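Chains W and S, in that order, are what the protein sequence lines are. FYI, numbering that gives the first Met the number 0 numbers position 109 of the first sequence as 108, with every residue one higher than the one before it. FYI, numbering that gives the first Met the number 0 numbers position 230 of the second sequence as 229, with every residue one higher than the one before it. Glycine included, every Cβ here is placed at the ideal spot set by N, Cα and C. All values reported here derive from a predicted model rather than from experimental measurement. Worksheet for the structure shown next.
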Amino acid sequence: MRKVLLTGCEASGEGAISAGCTFYAGYPITPQNRFTEYMSDRMPESKGVFIQAESEIAAINMVFGASLTGARAMTSSSSPGISLKQEGISYLAGCELPAVIVNMNRGGPGLGDVTPSQSDYFQSTRGGGHGDYRTIVLAPWSVQEIYDLTYLAFDLADRYRTPVLVLADGMLAQMMEPVELLKTKKRLPKKNWTLTGCKGRKPRSIKSLFLSPGVLETHNWKLARKYQRIMEKEQIYNTYMCTDMDILIVSFGTAARISSEAVSMAREQGIRAGLFRPVTLWPYPSGVLNKISEKAKKILVVEMNCGQMLDDVKIAVRNDSRIFFYGRPGGGVPTPEEILKEIKRI
Amino acid sequence: MNVLYKKPESLTKEITIYCPGCGHGIIHRLIAEVVDELGIREKTIGIAPVGCAVLAYNYFNFDVTEAAHGRPPAVATGIKRCLPDRIVFAYQGDGDLAAIGTAEIVHAAARGENISVIFVNNGIYGMTKGQMAPTTLPGEKTTTTTKGRDTSYHGFPIRVCELLATLDGSAYLERTELGSIQGIIGTKRAIKKAFNCQIEKRGFSLVEVLSACPTNWKKTPAEAMAWIRTVMANYFPVGVYKDIKEQV
Chain W
0 MRKVLLTGCE ASGEGAISAG CTFYAGYPIT PQNRFTEYMS DRMPESKGVF IQAESEIAAI
60 NMVFGASLTG ARAMTSSSSP GISLKQEGIS YLAGCELPAV IVNMNRGGPG LGDVTPSQSD
120 YFQSTRGGGH GDYRTIVLAP WSVQEIYDLT YLAFDLADRY RTPVLVLADG MLAQMMEPVE
180 LLKTKKRLPK KNWTLTGCKG RKPRSIKSLF LSPGVLETHN WKLARKYQRI MEKEQIYNTY
240 MCTDMDILIV SFGTAARISS EAVSMAREQG IRAGLFRPVT LWPYPSGVLN KISEKAKKIL
300 VVEMNCGQML DDVKIAVRND SRIFFYGRPG GGVPTPEEIL KEIKRI
Chain S
0 MNVLYKKPES LTKEITIYCP GCGHGIIHRL IAEVVDELGI REKTIGIAPV GCAVLAYNYF
60 NFDVTEAAHG RPPAVATGIK RCLPDRIVFA YQGDGDLAAI GTAEIVHAAA RGENISVIFV
120 NNGIYGMTKG QMAPTTLPGE KTTTTTKGRD TSYHGFPIRV CELLATLDGS AYLERTELGS
180 IQGIIGTKRA IKKAFNCQIE KRGFSLVEVL SACPTNWKKT PAEAMAWIRT VMANYFPVGV
240 YKDIKEQV
């Protein structure tokens, strides 16, 4: 296995190429400028297409066009850019087109700042765009995992014909870590729904418009059943020091990585802390968290926002009295010491 | 018995939703005839707009996708870059192309995307029942300019062919009209030139068709056709605005 030193942006791009992605369209935005730059070289090198789009909206719609031909297609951006892409993500979901969208989350709302944040949890897990739909959301906590999860995102997108989000942040985007690379996929899943010209078959259409009475309702229920299957089959999570634990930290991405350090520090001081880390933010591993949390006397949710995943923890645990929150919004990044202090305080 | 006139293979049997005298039905047929004559039906991918032609995939007998409002040139870009040997065209109205999708059309042309765009300019938002379009003429009454388009208040119409002609990426641009038989014949000839421009890989092509919306113009079909010739074509002169012969 080949090991290379990459930034998070580069690792995500390499993960995509390893997964057989042949189309990237993007627009520069800090802190993920390296992504677009990297793909401008790497896509042509791997016989793919790179387009620097005129806007975030154009980029996601180019991905829409590439996806409907059967190509594995992606775009990347950071928070304000992802807001603009939501129109296209809604159409991808409605038209049941696979695509991968990487968000290197920065502080918001509005123009916010360019430092790492987890403030797009709601936007990512609650739809983001208009209409009754869900997107799979994968939350890496290391550069290696950005690579692995971007790779996985393409398989999930094709399997369920749905857009998949990779939600990282400005820190993961820019830091460098060694990454073990997988072999580039040669055989991709066959698709019997693509538009490639109707040679040898009847013409097809791709659409999300269903005007006849009841047809959209039927379509939405079909999507809902698909989301149910995803919820049943695709939950990913990690636990750390959870076998004998009094205080359970629930955290994702960068915040979880810092929290794991706080857990180790707490253990050294004789405090029985543990960490539950959802990797899929949707589908949220609610059932497992509910079970694991039974053993915890107290639960501390740590996020780089004002408390967004907190809602999902409350839904999973169904007992608010044990739940506490520590957050750093607006580009703030907690230290392990700060989290340890919270563990001791609650 | 010789068949002199029949439904093109590139049209389905579906009955259109279009109003009497609407230009969409004519333009659909012209595109279908051109696709048949060029023998490209099985390698053509069309893009239906948001607007009255939103159901175009029901009428064309080849692959057609939906696109979000204004985004057909971006979607076409994605398709064509992945399948460069297919024939890709976007079908767009004036709101779609010259208002909400202005960035997409300008940049698709600037990149010299090897796609074709059929731009239906009827100077009004038809499907939403008659609001001002970016191509509504000065003084023209719509449901959002009830006293007529006052250019000092609502601004001026956009001349798309003239605008795109300034871009080095555009290879073939022509404005035609559906107000006369000659205009209809000329429109078909222009659509064929646009598709050939793409087949010969000469770059971005667009045909702007001045088209009637009798319902929202509150005119009879015959009055609407006359209005295209006598009023619309004065502001939007028909003709070839760009015709680059070399391959890009």
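Linking Val-214/W to Arg-224/W through their CA atoms gives a straight-line distance of about 15 Å. Annotation: Cβ neighbours of His-106/S in chain W (cutoff 9 Å, chain order): Ala-52, Glu-53, Ser-54 and Ala-57. Close to chain S, meaning a Cβ-Cβ distance shorter than 9 Å, are the following residues of the segment 12 to 41 of chain W: Thr-21, Phe-22 and Ala-24.
The beta carbon of Val-113/W sits closer than 7 Å to those of Thr-29, Pro-30, Arg-105 and Gly-169, all from its chain and outside the five residues before and after it, given in chain order. By the CB criterion at 8 Å, Tyr-325/W and Val-301/W fall inside the cutoff. Counting C-beta atoms within 10 angstroms of its own C-beta, Lys-206/W has 16 or more neighbours from the protein chains shown and is therefore classed as buried.
Per DSSP, the unbroken alpha helix (DSSP H) holding Val-159/S starts and ends at 159 to 164. Interface criterion met: the Cβ of Phe-61/S is under 8 Å from a Cβ in chain W. In this structure, Gly-129/S is the residue among Pro-156/S, Leu-136/S and Gly-129/S with its C-alpha nearest to the C-alpha of Thr-143/S. Listed along chain S are Ile-44, Asp-62 and Thr-64, each with a C-beta nearer than 7 Å to that of Leu-194/W.
Taking the C-beta atoms as reference points, Asn-121/S is found nearer than 8 Å to Asp-93/S. Partner residues in the beta bridge of Val-178/W, as assigned by DSSP, are Val-3/W. Against chain S, a Cβ distance below 7 Å from Ala-70/W picks out Cys-81. For Met-61/W, a Cβ of chain S is located within less than 8 Å of the residue's own Cβ. Counting along the chain, Cys-20/W sits inside the beta strand (DSSP E) bounded by residues 20 to 25.
Classified as buried, Leu-166/W has 16 or more neighbouring CB atoms from the shown chains inside 10 Å of its CB. Annotation: Thr-193/W to Asn-32/W spans about 31 Å, alpha carbon to alpha carbon. Here the segment 316 to 335 of chain W does not lie against the segment 1 to 19 of chain S, with fewer than 3 beta-carbon pairs under 8 Å apart. According to the DSSP assignment, Gly-238/S belongs to the beta strand (DSSP E) that extends over 238 to 242. The beta carbon of Ser-204/W sits closer than 8 Å to some beta carbon of chain S. In the three-state reduction of the DSSP assignment, Pro-72/S falls in the helix class. With respect to chain S, the C-beta atom of Glu-260/W has no partner C-beta closer than 8 Å. Within the same chain, Ala-47 and Val-63 come within 6 Å of Tyr-56/S by CB-CB distance, once the 5 residues on both sides are set aside.
Lys-187/S places its beta carbon less than 8 Å from that of Glu-32/S.
The beta carbon of Thr-76/S falls within 8 Å of a beta carbon belonging to chain W, placing the residue at that interface. At a cut-off of 8 Å between beta carbons, Leu-187/W makes no contact with chain S. At a beta-carbon threshold of 9 Å, none of the residues of chain S lie near Lys-221/W; the nearest stands roughly 17 Å away.
By DSSP's assignment, Gly-45/S forms a beta bridge with Val-63/S and Phe-88/S.
For a Cβ distance threshold of 7 Å, residue set Leu-208 of chain W lies close to Val-53/S, ordered along the chain. For Glu-41/S, the chain W residues whose Cβ falls inside 7 Å of its Cβ are Gly-196, Cys-197 and Lys-198, in order along the chain. Secondary structure note for Ser-207/W: it is in no alpha helix (DSSP H), with a DSSP letter that is neither H nor E. Look at Asn-233/S here: in three-state DSSP terms it is helix.
Shown here, Gly-326/W sits in a strand according to DSSP, grouped into three states. When rounded, the separation of the alpha-carbon atoms in Phe-61/S and Arg-110/S is 26 Å.
With a 10 Å radius around the Cβ and a threshold of 16 neighbouring Cβ atoms, Gly-273/W comes out buried.
For Glu-139/S, no beta strand (DSSP E) encloses it, and the DSSP letter there is neither H nor E.
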